[in-house]
Amino acid sequence: MFLKRLIDPRRWPSPVVFVVVLIGMFLLSGMIVLLSIQMMGSREAFMAVKQAALPWLFVWRWICYAVLIVAWVKRWKPHVLTRLSQDRDGGAAARERLKRLEALTLGVMATIELFNVLDWLGGQA
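Going by my numbering, 403 is the number at position 47 of the sequence shown; the sequence numbering is gapless.
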């Protein structure tokens, strides 16, 4: 039973999943950057290409944000609220936590974009 719980990520505690995914994303991002630098020939060439692509990457991120927000509001959130209404307290406490989580998510997205705009403008973040 212990081995089954250890192997199946769906049974892992949420903080463990978060840390594993975060480490995986950092490793994947690092490998992509290293591969890109190698393909470009130098770090300076990579930075020049990245700087030229920043406006398009900004548009791409906002399209992704819009798709995720629309999917959350139209599709996933109603299902979540339906499940929360089945709680003993009618989901009142969970709905409050969900509101805080939504606000925190928007704050993180805004912070990421603030640092990206600073990078786009040539500032040191």
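Using N, Cα and C, we set each Cβ at its ideal position, and we do this for glycine too.
Residue state for Q442 is assigned as coil, using DSSP reduced to three classes. In the structure shown, the three-state DSSP call for S370 is helix. Here W476 has L410 as same chain residues with Cβ atoms under 6 angstroms from its own Cβ, once five neighbours each way along the sequence are excluded. With contacts defined by Cβ atoms closer than 8 angstroms, Y421 and M381 do not form a contacting pair. DSSP, reduced to helix, strand and coil, places L384 within a helical segment of the structure shown. Between the C-alpha atoms of A404 and G463 there is a straight-line separation of about 29 angstroms. Judged by their CB atoms, L457 and A450 are not nearer to each other than the 8 angstroms cut-off. Going by DSSP, W418 is part of the alpha helix (DSSP H) stretching over 399-427. Cβ neighbours of M396 within its own chain (closer than 8 angstroms, five residues either side excluded): F402, V405.
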